[in-house]
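Engineer: Here you go, one structure.
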Amino acid sequence: MEQSLHDLPLGFSMALAQNPEAFRQFGELTEAQQNELIRKAHAVHSKTEMQALISGILS
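In the working numbering, the protein residues as written are 17 to 75.
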């Protein structure tokens, strides 16, 4: 299922905006990898979880 930018959870978008390196690396992922991260972001329930998800992009 293809995700679009309007499907990005607000917290995910904000977390990426606050971390330029994670934003850059997210942009370099394949569409499938991006969609998987977006799917995971929809399941996040706290700021701490979202920060962990964003940190995972940098790993």
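Every residue gets a Cβ at the ideal spot worked out from N, C-alpha and C, and that includes glycine. These numbers were taken from a predicted model, which means no experiment stands behind them.
Beta-carbon separation of A33 and Q67 under 8 Å?
Structural biologist: Against the sequence shown, residue 33 aligns to sequence position 17. Against the sequence shown, residue 67 aligns to sequence position 51. No; because the gap between Cβ atoms is not below 8 Å, this pair is not in contact.
Engineer: So what's L24 in DSSP terms, helix, strand or just coil?
Structural biologist: Numbered from its first residue, the sequence shown carries residue 24 at position 8. L24 falls in the coil class under three-state DSSP.
Engineer: Run the CB neighbour count on A59, radius 10 Å, all protein chains shown included, and call it buried at 16 or more, exposed below.
Structural biologist: Taking the first residue of the sequence shown as position 1, residue 59 is located at position 43. A59 should be labelled exposed.
Engineer: Confirm, please, whether the CB-CB distance from I73 to F28 is below 8 Å.
Structural biologist: The count along the sequence shown starts at 1 and reaches residue 28 at position 12. The count along the sequence shown starts at 1 and reaches residue 73 at position 57. Going by C-beta atoms, F28 is not nearer than 8 Å to I73.
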